[in-house]
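Participant: Would you mind keeping the following structure in view while I ask a few things?
Numbering (full-length UniProt numbering), first residue to last: 1 to 541.
Structure representation (C-alpha cells):
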C-alpha cells in the first residue's frame with residue numbers, strides 16, 4: 001500500500017523494486033498468452049519512464065510527480081495481484097481484468113511521457129524565486145495540467161475546479177491555456193460527465209479571440225456541432241456561442257457546413273432560448289457571407305427560418321443577424337431573391353424597418369430585393385425608407401438613399417411616386433452629413449429624382465439645397481460626390497434664383513477646376529451659369 005507520508009524518492013524506489021517482481025510474475029502466468037505478452041512488453045518500459053521522470057529538475061518539488069508515482073505503484077501492485085488471482089477467476093472475468101490492466105499501464109506510460117514532453121512539470125512546479133502574485137497562475141496551470149493526465153474522474157474534478165476559478169478570474173485561465181490544454185478540452189467533449197464544463201471553458205476561450213486556430217486545428221467543430229443536437233441546454237448554448245465566434249473565418253464557416261452544422265443551427269433558431277437563438281442566427285449570418293454555400297443554406301430552409309426570426313425573434317440582436325443573413329443571401333442570386341419575396345420576406349423586412357431603431361442590414365436587404373418585386377410594392381417600400389431617413393442610423397440612411405437610387409432607375413412614374421413621399425427634404429438634409437459616403441449617396445439619389453420636373457421644383461424650393469450641392473463641387477480627388485452635384489445643379493440651372501445662389505457660393509471657381517479635371521457635365525454647367533451672369537448684367541444695364 002502507498003503511504004501518504006512517503007517522500008517522492010521513497011515512492012520511486014518502491015516502484016523500481018516492484019517492476020522486476022511484476023515482470024517475473026507476469027512471465028510465469030499461465031493462459032491468455034497474448035494478453036500477458038502485451039502486458040510484459042509494457043511493464044518493461046516502466047523503468048525507463050521512471051528514470052526520465054526522476055531526472056527532471058522539478059521531480060522532487062512537483063505534486064504531479066508524486067501522484068504519477070502513486071499511480072504507477074497501484075498499477076504494479078494490481079499486476080502482481082492479478083497473477084495470484086489467475087487460477088481463481090473465471091475466464092471472462094480474467095480477460096476483462098487483463099484488458100483493464102493493459103489499459104492502465106498504457107495510461108501510466110502516456111501520462112509519464114506527457115509530463116515530460118509538454119513541459120507541465122516546469123510550469124506547475126513553483127520556482128525558487130516565485131513571487132507571491134504568481135500563486136494564482138500556479139494553481140490554474142496545475143489544474144490545466146491535470147486535464148491531460150490521469151483517469152476521467154480526476155480530470156472531472158480538475159475541470160470542475162477550473163470552472164469555479166473562472167467565475168472569479170476568467171482572464172487568468174484564458175491566459176494560461178496552451179494548445180495541449182485545448183486538445184485535452186476537445187477530447188473531453190466526448191465524455192457525458194464532463195462535457196458541460198469542457199464546453200464552458202472552450203466557449204470562454206473562443207469568445208476571448210485567442211484560441212480560434214487551436215480549436216479548429218484540434219478538430220473541435222464536430223463535437224461542438226454534435227452538442228447542438230444532443231447536449232444539455234447549457235452545452236447547446238456554450239457550443240453555439242463557440243461556433244458563432246469561430247464562424248467569423250470563411251474557412252471555418254465552410255467547415256461547419258461540411259460537418260453538418262447547418263440543420264442543428266436552424267433548429268436552435270426555431271426552438272432555442274434568447275441567447276442561443278441570437279448566437280445561432282449570427283453563426284448562420286457569418287456562414288452566409290461565403291458565396292458558394294448560399295444555395296445550400298437556402299435548400300436547408302435558412303431563408304424561411306431567418307424571416308421567422310426577423311418577425312418573432314426574442315432579442316433585437318437576433319433580428320438584426322437575421323436581416324444581415326437575408327442581405328447576404330440576396331446579394332447576387334436572383335433565385336434566392338425570389339425565394340425571399342415568395343416567403344413574405346419583403347413585408348417582414350419592412351415591418352422590421354418600421355421599428356424604433358432601423359438598422360442598415362434590413363435596408364440593404366430591401367435594396368437587394370427592389371428589382372425583384374412589382375412596382376406596385378414601391379409605395380409601401382418608400383414609406384419605410386422615409387422612416388429610416390428620419391430615424392435610422394447613418395449607415396441605414398445611406399442604404400435607404402442607395403435603395404431610392406435603385407428604385408428611381410425603373411421609370412419616371414416611380415420617380416414621381418418617390419418624390420411625392422416626402423423623401424426629398426430628407427435627402428437634402430443628408431447633403432450636410434459628416435460622412436462623405438452619406439453625402440455622395442444623397443446627391444446620387446437627388447440626381448436620379450430631379451429629372452422629373454416636379455421633383456426638381458421641390459429641390460429648388462429647399463433653401464439649403466443649392467448651398468449644400470455647391471459645397472459638394474469641391475475638386476478634391478477624394479470627393480466622389482462632385483459628379484452627382486454637377487448633375488443636380490444642372491437640372492436646377494434654369495432658375496435665375498438658383499443660378500445667383502450658385503455664383504454667390506463660389507460655384508464658378510469650383511467648376512473651372514472641375515472642367516480641368518474633365519468631370520462630366522461640368523463644362524456645360526459652367527457655360528450656363530456664366531451665360532446667365534451675362535444676361536443678368538445686360539438686364540441691369
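We put the beta carbon where it would ideally sit given N, CA and C, even for glycine.
No experiment lies behind these values; they were computed from the predicted model shown.
1. Using three-state DSSP, classify residue 149 as helix, strand or coil.
2. Confirm, please, whether the CB-CB distance from residue 479 to residue 437 is below 9 Å.
3. By alpha-carbon positions, which one of 181, 82 and 192 ends up nearest to residue 217?
4. What ranges does the alpha helix (DSSP H) occupy inside the stretch 252-307, keeping only unbroken runs of at least 4 residues that lie completely in it?
5. Enumerated in chain order, which unbroken segments of the alpha helix (DSSP H) with a length of 4 residues or greater are wholly contained in the stretch 295-378?
6. For residue 546, which of 254, 264 and 322 has the nearest alpha-carbon?
7. What is the DSSP secondary structure of residue 473, counted as helix, strand or coil?
8. What are the boundary residues of the alpha helix (DSSP H) that residue 563 is part of?
9. Would you tell me roughly how many angstroms separate the C-alpha atoms of residue 350 and residue 311, rounded to the nearest one?
10. Measuring straight from C-alpha to C-alpha, what distance separates residue 139 and residue 339?
11. Three or more beta-carbon pairs under 8 Å between the stretch 397-409 and the stretch 377-388, yes or no?
12. Helix or strand or just coil, what does DSSP make of residue 527?
13. Counting pairs of beta carbons, one from the stretch 361-373 and one from the stretch 396-405, are three or more of them closer than 8 Å?
14. What three-state label does DSSP hand residue 464 in the structure shown?
15. Please confirm whether residue 594 and residue 515 have their CB atoms less than 9 Å apart.
16. In the DSSP assignment, find the unbroken alpha helix (DSSP H) run with residue 493 in it and report its ends.
17. Examine the Cβ distances between the stretch 205-217 and the stretch 188-195 and report whether three or more of them are shorter than 8 Å.
18. Near residue 78, which residues of its chain fall below 8 Å by C-beta distance, leaving aside the five closest residues on each side in sequence?
19. So residue 325 and residue 288 are supposed to be a Cβ contact under 8 Å. How far apart are they, rounded?
20. Looking at residue 326 and the ligand FMN, is the gap between the Cβ and the nearest heavy atom below 8 Å?
21. Report the three-state DSSP secondary structure of residue 506 (helix, strand or coil).
22. Could you tell me if residue 84 is buried or exposed, where buried requires 16 or more neighbouring beta carbons within 10 angstroms of its beta carbon?
23. For residue 371, count neighbouring Cβ atoms within 10 angstroms of its own Cβ and tell me buried if that reaches 16, exposed if not.
24. For residue 440, name the three-state secondary structure that DSSP assigns.
25. In angstroms with no decimal places, state the Cα-to-Cα distance between residue 597 and residue 293.
26. Residue 177 and residue 158 - do their beta-carbons sit closer together than 9 Å?
27. Within the continuous alpha helix (DSSP H) that includes residue 450, where are the two ends?
28. Nearest to residue 54 by CA position, among 141, 44, 66 and 45, is which residue?
29. Would residue 221 and residue 202 qualify as a contact pair, given that the criterion is a beta-carbon distance under 9 Å?
30. Determine contact between the stretch 490-505 and the stretch 440-456, defined as no fewer than three beta-carbon pairs at a distance below 8 Å.
31. Is it buried or exposed for residue 419, if we count other Cβ within 10 angstroms and need 16 for buried?
32. At the 9 Å Cβ level, is residue 267 part of the contact set with chain C, yes or no?
33. Helix, strand or coil for residue 425, going by three-state DSSP, please let me know.
34. What are the start and end residues of the alpha helix (DSSP H) that includes residue 201?
35. Does the distance from the CB of residue 387 to the CB of residue 425 come in under 9 Å?
Facilitator: Once the coordinates are examined:
1. Coil.
2. Against a cut-off of 9 Å, the Cβ pair of residue 479 and residue 437 comes out as no contact.
3. Taking only the C-alpha atoms, the option nearest residue 217 is 181.
4. The alpha helix (DSSP H) runs of length 4 or more contained entirely in the stretch 252-307 are, from start to end of the chain, 262-271, 274-288 and 294-299.
5. If we require 4 residues or more, the alpha helix (DSSP H) runs fully inside the stretch 295-378 come out as 302-312, 316-329, 334-342, 345-353 and 360-369.
6. The structure shown does not extend to residue 546, since the chain is modelled only from 1 to 541, so the question has no answer here.
7. Looking at residue 473 - three-state DSSP - the assignment turns out to be coil, as it is neither helix nor strand.
8. Any property of residue 563 remains undetermined from this structure, which presents the chain solely from 1 to 541.
9. C-alpha separation (whole angstroms): 10 Å.
10. Straight-line Cα distance between these residues: approximately 56 Å.
11. Yes: the two stretches touch, three or more of their Cβ pairs being nearer than 8 Å.
12. Of the three classes helix, strand and coil, the one that applies to residue 527 here is helix, per DSSP.
13. Touching, per the Cβ criterion.
14. Annotated three-state conformation of residue 464 is coil, per DSSP.
15. Residue 594 lies beyond the residue range present for the chain, which begins at 1 and ends at 541; the question has no answer from this structure.
16. Unbroken run through residue 493: none, as it is neither H nor E.
17. The stretch 205-217, when compared against the stretch 188-195, does not touch it at the 8 Å Cβ threshold.
18. The residues are 101 and 104.
19. Right, the Cβ-Cβ distance comes to about 5 Å (below 8 Å), so this counts as a contact.
20. By its list of ligands, the structure shown contains no ligand whatsoever, and the ligand FMN lies outside what it can speak to.
21. It is coil, neither helix nor strand.
22. Under this definition residue 84 is an exposed residue.
23. Flag for residue 371 reads exposed.
24. Residue 440: helix per DSSP, three-state reduction.
25. Outside the shown range of the chain (1 to 541) lies residue 597, about which nothing can therefore be said.
26. A distance of 9 Å or more separates the beta carbons of residue 158 and residue 177.
27. No residue range can be given for residue 450, since it is assigned to no alpha helix (DSSP H) and is classified by DSSP as neither H nor E.
28. It is 66 whose Cα lies nearest to the Cα of residue 54.
29. Contact flag unset, no.
30. For the pair of segments examined, the stretch 490-505 was found to touch the stretch 440-456: the number of CB pairs separated by less than 8 Å reaches three.
31. Under a 10 Å Cβ-count criterion, residue 419 is classified as buried, with 16 or more other Cβ atoms of the shown protein chains found around its own Cβ.
32. Checking the listed chains, one finds no chain C in this structure; it contains a single protein chain.
33. Note: residue 425 maps to helix in three-state DSSP.
34. Counting along the chain, the alpha helix (DSSP H) containing residue 201 begins and ends at 195-208.
35. 9 Å or more divides the Cβ of residue 387 from the Cβ of residue 425.
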